[in-house]
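The sequence shown begins at 35 in our numbering and counts up by one.
Note that the Cβ used here is the ideal one computed from N, Cα and C, for glycine as well.
So the structure is just underneath, and the comments pick up after that.
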Amino acid sequence: MHAQLHPQRPLDHERAVCEPWRAFPGRFVVVLPMPRPSDREAFDLEVLVLQQADNGNTDRHRIESRLYEESALSEDAIRIGELKVDTARYVLAPDARAFGLRVVRQGSSRANPYPTETLSLYVPRGPKLARVLDELDVALERGEWDTNCAGSFETVRGTLSVSKNGAHGGYADLVLRESRSESRSTQQGEDCVTHQRQDPPRSVVLRYDGATYRATRAAASD
Numbered sequence: 035m036h037a038q039l040h041p042q043r044p045l046d047h048e049r050a051v052c053e054p055w056r057a058f059p060g061r062f063v064v065v066l067p068m069p070r071p072s073d074r075e076a077f078d079l080e081v082l083v084l085q086q087a088d089n090g091n092t093d094r095h096r097i098e099s100r101l102y103e104e105s106a107l108s109e110d111a112i113r114i115g116e117l118k119v120d121t122a123r124y125v126l127a128p129d130a131r132a133f134g135l136r137v138v139r140q141g142s143s144r145a146n147p148y149p150t151e152t153l154s155l156y157v158p159r160g161p162k163l164a165r166v167l168d169e170l171d172v173a174l175e176r177g178e179w180d181t182n183c184a185g186s187f188e189t190v191r192g193t194l195s196v197s198k199n200g201a202h203g204g205y206a207d208l209v210l211r212e213s214r215s216e217s218r219s220t221q222q223g224e225d226c227v228t229h230q231r232q233d234p235p236r237s238v239v240l241r242y243d244g245a246t247y248r249a250t251r252a253a254a255s256d
């Protein structure tokens, strides 16, 4: 597909993705990251939904929906480690099922680790794809330590689900459930002692405004 659509552009083969969309037999999600000629730290992104040929030929597919985004991804000190297609059951409406694209990033500093993961959602609309959720943070680890023992860290983990109770703009609300923990380590003699604290989980509701999903109120504890 890359050779067909962008024969003059280099492809980042390491992070390109092709995954079956298991809810729809014969359908595949393809993500083609292409470094920008003028900025090697930025990537144009071609996202495609393909349908296998009716005769079952696995080498022939037709494009059902696509979205081309210039400078959709960038990396500087925070390197893009992996792109992952998420085909969980994101049914936003009876005629709208989304798939996700997860972007895993990793900082380069050992003393200041900064791994993150974001989630975007795409909905096919005829020949076009619409990005309805833009890089929501679903995992974050940050902190600082002396590379031996002493230091402090914060970890945030989020799970996104489709609400059964609310809908706006024609699409169901989304609920982000987050857990947050902190740890602090100190050197005590020959021992490295760690103390941890777990915050109560919280939930954030995201509502569709006709173009994209947005958080609509302050987070509330479960």
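Cβ-based burial, residue i [other Cβ within 10 Å; buried from 16]
{"i": "Ala249", "result": "exposed"}
{"i": "Glu151", "result": "buried"}
{"i": "Asp110", "result": "exposed"}
{"i": "Gly192", "result": "buried"}
{"i": "Arg94", "result": "exposed"}
{"i": "Arg123", "result": "exposed"}
{"i": "Asp207", "result": "buried"}
{"i": "Pro44", "result": "exposed"}
{"i": "Arg96", "result": "exposed"}
Residue i, DSSP secondary structure in three states
{"i": "Gln38", "result": "helix"}
{"i": "Asp229", "result": "Note that residue 229 is His in the sequence shown, not Asp. Note: His229 maps to strand in three-state DSSP."}
{"i": "Trp179", "result": "strand"}
{"i": "Gly115", "result": "strand"}
{"i": "Ser72", "result": "coil"}
{"i": "Arg94", "result": "coil"}
{"i": "Thr152", "result": "strand"}
{"i": "Gly26", "result": "Outside the shown range of the chain, which is 35 to 256, sits residue 26, and nothing can be said about it."}
{"i": "His202", "result": "strand"}
{"i": "Pro235", "result": "coil"}
{"i": "Asp243", "result": "coil"}
{"i": "Ala173", "result": "strand"}
{"i": "Leu208", "result": "strand"}
{"i": "Ala50", "result": "coil"}
Integer Cβ distance of residue i from residue j, believed to fall under 8 Å
{"i": "Glu216", "j": "Glu188", "result": "5 Å"}
{"i": "Asp46", "j": "Pro67", "result": "5 Å"}
{"i": "Glu75", "j": "Ser108", "result": "6 Å"}
{"i": "Leu194", "j": "Val172", "result": "7 Å"}
{"i": "Asp168", "j": "Thr246", "result": "6 Å"}
{"i": "Cys183", "j": "Gln230", "result": "The pair is not a contact, with the Cβ atoms about 15 Å apart (cut-off 8 Å)."}
Cα-Cα separation, residue i to residue j
{"i": "Arg139", "j": "Glu116", "result": "7 Å"}
{"i": "Phe77", "j": "Thr121", "result": "23 Å"}
{"i": "Thr92", "j": "Pro54", "result": "Reliability of the predicted coordinates at Thr92 is poor, the pLDDT of 49 falling under 50, and no value is obtained from them."}
{"i": "Lys162", "j": "Gln86", "result": "18 Å"}
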